[in-house]
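If you read the sequence shown in UniProt numbering, its first letter stands for residue 1, the second for the next number, and so on. Heads up, the beta-carbon is just placed ideally off N, CA and C, and yes, glycines get one too. Presented below is the structure to which this report refers.
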Amino acid sequence: MTDDSSQSTSSRSSPHASASPAGPVPEAKPKPSPKEEPHSESTTEREPESGLGSGPESTQTPILEATGLDHDYGAVSVLEDVSVSLQPETVTALVGPNGSGKTTLIRALAGLHEPTDGTVAYHGPDTARQIGYLPQQPSFRPGFTVIETLQFYASLVGAPNPEPTAQAHLDRVGLADAASRPVDALSGGMTRLLGIAQATIGDPPVVILDEPGSGLDPGMSMHVFDVAAELAADGMAVLLSSHDLELVERVADEVLLLDDGQIIQRGSTVDLQRRLNADSLWDVYRNATGGDTDTVTVQGEST
Ligand SMILES: Nc1ncnc2c1ncn2[C@@H]1O[C@H](COP(=O)(O)OP(=O)(O)OP(=O)(O)O)[C@@H](O)[C@H]1O
1 MTDDSSQSTS SRSSPHASAS PAGPVPEAKP KPSPKEEPHS ESTTEREPES GLGSGPESTQ
61 TPILEATGLD HDYGAVSVLE DVSVSLQPET VTALVGPNGS GKTTLIRALA GLHEPTDGTV
121 AYHGPDTARQ IGYLPQQPSF RPGFTVIETL QFYASLVGAP NPEPTAQAHL DRVGLADAAS
181 RPVDALSGGM TRLLGIAQAT IGDPPVVILD EPGSGLDPGM SMHVFDVAAE LAADGMAVLL
241 SSHDLELVER VADEVLLLDD GQIIQRGSTV DLQRRLNADS LWDVYRNATG GDTDTVTVQG
301 EST
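See below:
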C-alpha cells in the first residue's frame, strides 16, 4: 500500500481541502478484546530512546513517521522529543491525562501546525487526500444539510458520484436518518459523527481522529471505535485519541501513553499489561502516570 515517495508536512495538502476518489464503504465489524500487538514488542520510555524512538521494531515502512517532535506555546514546552510511527492496517491509540499534549501532537501529525522542532514525513501513496482528520470540536458551515455537507467534501476529493459516496459514509456512522437535517440543528454527538464521516471521505490512507467517542452515547461510542477498527482492516493507518480505556483496549493494536508531553509507554495492551504487571489498560495507565486522579498537570505552571 505504501510507496517510497516521502513527503514532509510542508509539502502536504490540507486534510480538509485535498481530494481523491472515495471508494466503497465497508460494514463495521467488532474486534476481539484486548488486542495482541501484531508486529512489535512494547517499549518503556521516558528514558533515552534508541534510534528514531519509534518504539516497535517494525519491518514495514511507516506510512506516517514523526521524529523528535517538540512543541512550545510561547515559553511553555508541551511536547518533548516525541516520535511516532503509524502503520497501515493498524489502530494506534493515543491516551494520556488532560493537558498532556495529545491534541497538540495530533495537530502536528495532521500537518495543521508546524512543530517547534522535529519532522513529520508521509510515506504513503500520492493520493489527493492523504490524511483524514477529525478535530476535537468539529464544526460545519451553517446552511447546508448533512448530506449536502458530505457531498461537498466528496466533490472536493473528486469522487465520481458524490451523492452515493456521501450516503455510504453517512450510513457507516449510523447517521443516515439525519441526512436532510441542517448541520446547525445537529446535537453534539451527531456533529461528531458527521465529522467522522467527513474524515474518511476520499479514503485517505491515514485517518486521525481526536477523541471520536467524546459526547457519544455508549453504544454509538463502541460503534465508532468498531468503525475505526474496520478502517484499519481495510488498510488505513488509524490514529485516535481517547479517554475511554475499555474501548481503546477493544480496538487498538498499539497504545501510546503520553504524559507531560512525553511518550512514557507504548505497545499493545497485552504487552503493556504484561510488562507493568497490570490487569487492565486502566491499571497500566494508573501505574504509568503515577495514579494522581485529583489534579490536572498544567504544563508551564509550577507544581
Ligand atoms: N494554543 C495554545 N496556546 C497556549 N497553550 C496551549 C494552546 N493549546 C494547548 N495549550 C496547552 O498545551 C497543553 C496541552 O494541551 P492539549 O490540548 O494538547 O492537551 P490534551 O492532552 O489534548 O488535553 P485534553 O485531554 O484535555 O483534550 C495544555 O497545558 C494546554 O493548556
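Every unbroken beta strand (DSSP E) within the segment 83-135, with a cutoff of 3 residues, ordered by chain = 90-95, 117-122 and 131-134
- Is it right to say R250 is buried, meaning 16 or more other beta carbons lie within 10 angstroms of its own, or is it exposed? The count along the sequence shown starts at 1 and reaches residue 250 at position 250. Classification of R250: buried, given that the 10 Å Cβ count is 16 or more.
I'd like the span of the beta strand (DSSP E) that includes H71, first residue to last.
Looking up residue 71 in the sequence shown gives position 71. From DSSP, the beta strand (DSSP E) with H71 extends over L64 to Y73.
Q. Any chance the segment 112-128 sits against the segment 92-100, with 3 or more Cβ pairs inside 8 Å?
A. no
- Does DSSP classify D81 as helix, strand or coil? Against the sequence shown, residue 81 aligns to sequence position 81. Strand at D81.
Worksheet item: So, L175 versus A197, is the Cβ gap smaller than 8 Å?
Response: Start at 1 with the first residue of the sequence shown, and residue 175 comes out as number 175. Start at 1 with the first residue of the sequence shown, and residue 197 comes out as number 197. It is a contact, given that the beta carbons lie within the stated cut-off.
Identify whether E36 lies in helix, strand or coil by the three-state DSSP scheme. Looking up residue 36 in the sequence shown gives position 36. Only weak support is given to the placement of E36: the predicted model assigns it a pLDDT of 49, under 50, and the question is left unresolved by the model.
Within 8 Å, strictly: CB atoms of A288 and L64
Sequence index remark: in the sequence shown, residue 288 carries index 288 (1-based). Sequence index remark: in the sequence shown, residue 64 carries index 64 (1-based). No, Cβ-Cβ distance for A288 and L64 is not below 8 Å.
Nearest-angstrom beta carbon gap, L272 and I264 [assumed within contact, 8 Å] | By one-based count along the sequence shown, residue 264 stands at place 264. By one-based count along the sequence shown, residue 272 stands at place 272. No, I264 and L272 are not in contact; Cβ-Cβ is about 11 Å, not under 8 Å.
task = Name the one or two DSSP bridge partners that residue 304 has.
result = The question about residue 304 has no answer here: the residues shown for the chain are numbered 1 through 303.
With DSSP run on the structure shown, which of helix, strand or coil describes I196? Reading the sequence shown from its first residue, position 196 is the one you call residue 196. Residue state, collapsed to three classes: helix.
query = Which residues bound the beta strand (DSSP E) around S241?
reply = What you label residue 241 is simply residue 241 of the sequence shown in a count that begins at 1. Run containing S241: A237 to S241, per the beta strand (DSSP E) assignment.
Quickly, what does DSSP pair D210 with across the bridge? List them, please. As a first step, residue 210 must be located in the sequence shown, where it is residue number 210. DSSP output for D210 lists S241 as bridge partner(s).
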